[in-house]
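Novice: One structure coming up, written as structure tokens, with questions to follow.
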């Protein structure tokens, strides 16, 4: 998303701890300490150049190291935590006592989060509800007379969702339903062959406001911010949780 929006950003080589017991997960976990060291060096350089006065962590492994670096400075940098889920993640629980403020999306009953809590809800873009349906349908060459199903698995796509769509894609032939299907960049080449007048396959959608506006039904993963956007747009939805999500 950042490269598309041309925002100043720094990408870290960090990855999350693999919880499975496969050969692939073992190799990734063995490499993890080197990724952590590399990420910390990158963050230290960023802090030196950028000189942040506040660090905001939104949960997940990617925000843990910047938060740690902020608390390790000679003059500690204030941190704010934004917890997007109803069950606080490890990063939020680790840094709760050091945070100046904890912004929560849902009421949480957790012994680790007793103080400095503000119920803010999840932040979403103001313009997410401002898409125009007729313009969006024209943009994607879709028929105004048909019902439209918007299928997406987040910005990176979902292998499970893509495979599931492939199994049922022929059922949409000859009926008054059309599909806008975001596959993710990595899987687009596997599914672009299904492109037709009523099935639009795309690797990535930058204008999500328009995608929501044209949809009569949304089929998607159930990440916290996705749920917040779908709810704000008032769209009927079929939600497919990620079975391996931490704290599920």
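In UniProt numbering, the protein residues as written are 1 to 248. All residues carry an ideal CB built from backbone N, CA and C; glycine is no exception. Given the structure is predicted, the values throughout are model-derived calculations rather than measurements.
Could you tell me which residues DSSP pairs with residue 221 in its beta bridges?
Specialist: According to DSSP, which records beta bridges pairwise, residue 221 is partnered with 240.
Novice: From this set, 107, 105 and 79, which residue's C-alpha is nearest residue 94's C-alpha?
Specialist: Among 107, 105 and 79, the Cα nearest to that of residue 94 is on 79.
Novice: So is the beta-carbon of residue 17 under 7 Å away from any non-hydrogen atom of the ligand GTP?
Specialist: Within the structure as shown, the ligand GTP is missing, as the structure has no ligands at all.
Novice: Of the choices 170, 158 and 186, whose alpha-carbon is the least far from that of residue 243?
Specialist: Selected option, being the one with the closest Cα: 158.
Novice: Take every Cβ of the region 48 to 62, pair it with every Cβ of the region 91 to 111, and state whether three or more of those distances are shorter than 8 Å.
Specialist: The region 48 to 62 vs the region 91 to 111: in contact.
Novice: Mapping the DSSP letters down to three states, classify residue 58 as helix, strand or coil.
Specialist: Correct three-state label for residue 58: coil.
Novice: Looking at the strands, I want to know which residues DSSP matches up with residue 202.
Specialist: For residue 202, which the question treats as bridged, DSSP gives the partners 182.
Novice: Could you give the DSSP three-state label for residue 226: helix, strand or coil?
Specialist: Correct three-state label for residue 226: helix.
Novice: Can you check which of these residues, 76, 128 and 196, is closest to residue 173 by C-alpha distance?
Specialist: Measuring from the Cα of residue 173, the nearest candidate turns out to be 196.
Novice: Do residue 182 and residue 143 have their beta-carbon atoms positioned less than 8 Å apart in this structure?
Specialist: Taking 8 Å as the Cβ cut-off, residue 143 and residue 182 do not qualify as a contacting pair.
Novice: Hey, would you say residue 68 sits closer than 8 Å to residue 39, going by beta carbons?
Specialist: Result no, Cβ atoms of residue 68 and residue 39 do not sit closer than 8 Å.
Novice: Is the Cβ-Cβ distance between residue 83 and residue 121 less than 8 Å?
Specialist: No, the Cβ-Cβ distance between residue 83 and residue 121 is not below 8 Å.
Novice: My output table needs one value for residue 45: the three-state DSSP class, helix, strand or coil.
Specialist: It is helical.
Novice: Can you name the residues that DSSP bridges to residue 148?
Specialist: 178, per the DSSP bridge assignment.
Novice: Under 8 Å, with one C-beta from each stretch per pair, do the region 208 to 217 and the region 132 to 149 reach the 3-pair mark?
Specialist: Short answer: they touch.
Novice: Could you give the first and the last residue of the continuous alpha helix (DSSP H) run that contains residue 166?
Specialist: Residue 166 -> alpha helix (DSSP H) spans 159 to 168.
Novice: In the DSSP assignment, find the unbroken beta strand (DSSP E) run with residue 83 in it and report its ends.
Specialist: Residues 79 to 83.
Novice: Check whether the region 85 to 92 and the region 104 to 115 touch, using three or more Cβ-Cβ pairs below 8 Å as the test.
Specialist: Contact holds: three or more Cβ-Cβ distances are below 8 Å.
Novice: Can you tell me which of the three DSSP states residue 108 falls into?
Specialist: Residue 108 falls in the coil class under three-state DSSP.
Novice: Per DSSP, which residues does residue 31 bridge with? Please list them.
Specialist: Beta-bridge pairing links residue 31 to no other residue.
Novice: With 16 other CB atoms within 10 Å as the buried threshold, where does residue 145 fall?
Specialist: Counting Cβ neighbours within 10 Å, residue 145 comes out exposed, since fewer than 16 surround it.
Novice: Quick one: is residue 221 buried, meaning 16 or more other Cβ sit within 10 Å of its Cβ, or exposed?
Specialist: The residue in question, residue 221, is buried, as its Cβ has 16 or more Cβ neighbours within 10 Å.
Novice: Just confirm the distance between the C-beta atoms of residue 92 and residue 81, as a whole number of angstroms; I'd bet it's less than 8 Å.
Specialist: Confirmed, Cβ separation roughly 5 Å.
Novice: How many angstroms separate the CA atom of residue 47 from the CA atom of residue 14?
Specialist: Whole-angstrom Cα-Cα distance: 17 Å.
Novice: Leaving out five residues before and five after residue 28 in sequence, what residues of the same chain have Cβ atoms less than 7 Å from its Cβ?
Specialist: Once the five neighbours on either side are set aside, the close Cβ partners of residue 28 are 15 and 18.
Novice: How far does the beta strand (DSSP E) with residue 8 in it extend, from its first residue to its last?
Specialist: Unbroken run through residue 8: none, as it is neither H nor E.
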